[in-house]
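Below: the structure, in structure tokens.
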Amino acid sequence: MSSGFEIKKVEAMEILDSRGNFTVRTFVTTKAGIRDFGDAPAGASRGIREAVELRDEDGGVRKAVESVNYYINYALHGMDVRYQKDVDLTMIKLDGTENKSRLGGNSIISTSIAVAKTAARALGVEVFEYIGGFRNHTIPVPLLNILNGGKHAGNQLKIQEFIVIPLGFDSLKEALKASTAVYKTLKNLITERYGKIYTALGDEGGISPPLSKTVDALDFIYTAVKNSGYEDKIYLGMDAAASEFYNERENVYEIDGSKKTPDEMIDFYKDLADAYPILYLEDPFNENDFERFSVLQSKLKKVIVTGDDLYTTNAKYLKKGIEAKSTTGVIVKLNQVGTVTETLEFF
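If you want it as structure tokens, here you go:
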């Protein structure tokens, strides 16, 4: 084994994420001095099947940092960064739990990412080339979160993300330029109605106006799209994150000032899809309701019904969703399952 690939040291530290919360940054250094790092991401809303974050009582991640600096550092010493699966399986075995709760999913994923990035650096290639191979790459259509609700904002909207999808453009540059125009128009519309103070941003950079009804948010965004001149090129989407407003005890969804049964939610989404150019709908039901996902997917043929909390980047639940025909789209997040290897196996 070349010293350029052999792990000499794994060490971690606390850093702040985009929300001002502590998270783990892990550095991996080879015996040749090649070094890179990985940060553990975290969502505001989390699926119940996600890998567990190891977090201190005060919100810090010192325990997770210790997991890296002691246990993981010792276990990975001398391993080859190019053998990602071997490295990840070593950490999974060392943890010994189904949800990575002993060492912490944040400790493991930050290390797993750092190993992949260090291997790419040692080989002199980009990370996307190292993981995806040396074939032609294309830039996908971006989904841009421009209005926030739910856990991402301080308003009364239950839907977590309202999204614009610039589909009818020849390049990413043109798509982003058009989407930026819509975003600026939306800010102006909100300012005219409520005042500039209500164009404050939510957790993920979208505007967070004082709205409480889903249709009001969609009206503002669709008006912004039309006023910007992109009515035929920009579509709408939503991340409902419905588990966050699902009342399990009553089996109802508390949204827009009322309580709706799962079947009423199907009609609710169908009415929205009929009224607006909605192309994308993420997590429309609670994370255990594969059946309702399937029913909705069969009714909304032109909408990409997508699972995030439904699957939590776990191959076992994806298989269940495929068998039930629950969705036509899936969200992939490394931190949900906890390693680069398990994320790749998800495909």
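Oh and the sequence shown: position 246 is 245 in the numbering used here, straight run, nothing missing.
C-beta atoms are modelled at their ideal positions from N, C-alpha and C, and glycine is treated no differently.
These figures come from a predicted structure and were not determined experimentally.
Open item on the list: Could you tell me the alpha carbon to alpha carbon distance between Glu230 and Val224, rounded to whole angstroms?
Closed with: Taking the straight line from one Cα to the other gives about 6 Å.
TODO: Compute the Euclidean distance between the alpha carbons of Gly149 and Pro209, then round it to the nearest angstrom.
DONE: Straight-line measurement puts the Cα of Pro209 at about 12 Å from the Cα of Gly149.
- [ ] Determine the DSSP secondary structure at Arg34, reduced to helix, strand or coil.
- [x] In the structure shown, Arg34 sits in a strand (DSSP, three-state: E or B).
Task: For Lys92 and Thr22, the rounded distance between their alpha carbons - done: Between the C-alpha atoms of Thr22 and Lys92 there is a straight-line separation of about 23 Å.
Open item on the list: Does Gln155 pass the burial test, meaning 16 or more other C-beta atoms within 10 Å, or should it be called exposed?
Closed with: Around the CB of Gln155, fewer than 16 other CB atoms lie within 10 Å, so the residue is classed as exposed.
- [ ] Please name the residue or residues paired with Lys258 in a DSSP beta bridge.
- [x] Note: Lys258 sits in a beta bridge opposite Glu253.
Open item on the list: Just verifying my parser: in three-state terms, what is the DSSP assignment at Arg24?
Closed with: Correct three-state label for Arg24: strand.
Open item on the list: Going by the DSSP bridge assignment, what does Met78 pair with across the sheet?
Closed with: Met78 is not bridged by DSSP to any residue.
Open item on the list: Let's see if you can read the secondary structure: which residues bound the alpha helix (DSSP H) around Asn187?
Closed with: Residue range 171-193 is occupied by the alpha helix (DSSP H) that includes Asn187.
Task: Simplified DSSP state of Asp307, which is helix, strand or coil - done: Three-state result, Asp307: coil.
TODO: Spell out a yes or no on whether the segment 128-137 and the segment 162-176 are touching, meaning 3 or more CB-CB pairs, one atom from each, closer than 8 Å.
DONE: Flag = no, the segment 128-137 and the segment 162-176 do not touch.
Task: From Arg45, Thr28, Leu88, Glu49, residue whose alpha carbon lies closest to that of Gly77 - done: Nearest Cα to Gly77 within the set Arg45, Thr28, Leu88, Glu49: Thr28.
TODO: Inspect the beta-carbon positions of Arg34 and Thr117 and report whether they are closer than 8 Å.
DONE: Judged by beta-carbon spacing, Thr117 lies within the 8 Å limit of Arg34, meaning their Cβ atoms are closer than that value.
- [ ] Tell me the start and end of each unbroken beta strand (DSSP E) in the segment 277-340 that is at least 3 residues and wholly inside, in chain order.
- [x] Correct list: 277-281, 303-306.
Open item on the list: I need the straight-line Cα distance from Asp266 to Ser66, nearest angstrom please.
Closed with: Cα-Cα distance, rounded: 48 Å.
Open item on the list: Is it the case that the segment 326-343 contacts the segment 103-121, given that we only count it when at least three CB pairs across the two stretches are under 8 Å?
Closed with: Output reads yes: the segment 326-343 touches the segment 103-121.
Task: Own chain, CB closer than 8 Å to Tyr70, minus 5 neighbours either side, in chain order - done: The residues Leu93, Leu102, in chain order, have a CB closer than 8 Å to that of Tyr70 in the same chain once the five nearest residues on each side in sequence are set aside.
Open item on the list: Going by DSSP in three states, Asp218 sits in which element: helix, strand or coil?
Closed with: Three-state result, Asp218: helix.
Task: Stretch pair the segment 117-132 + the segment 47-57: three plus CB contacts closer than 8 Å - done: In short, these stretches do not touch, since the Cβ pair count stays below three.
- [ ] Compute the Euclidean distance between the alpha carbons of Glu160 and Asp87, then round it to the nearest angstrom.
- [x] Rounded to the nearest angstrom, the two C-alpha atoms are 33 Å apart.
Task: Tyr316 versus Gly3 - alpha carbon distance - done: Straight-line Cα distance between these residues: approximately 38 Å.
TODO: Assuming Leu309 contacts Gly320 (C-beta within less than 8 Å), just tell me the rounded distance between them.
DONE: That belief holds up - the Cβ atoms of Leu309 and Gly320 are roughly 6 Å apart, short of 8 Å.
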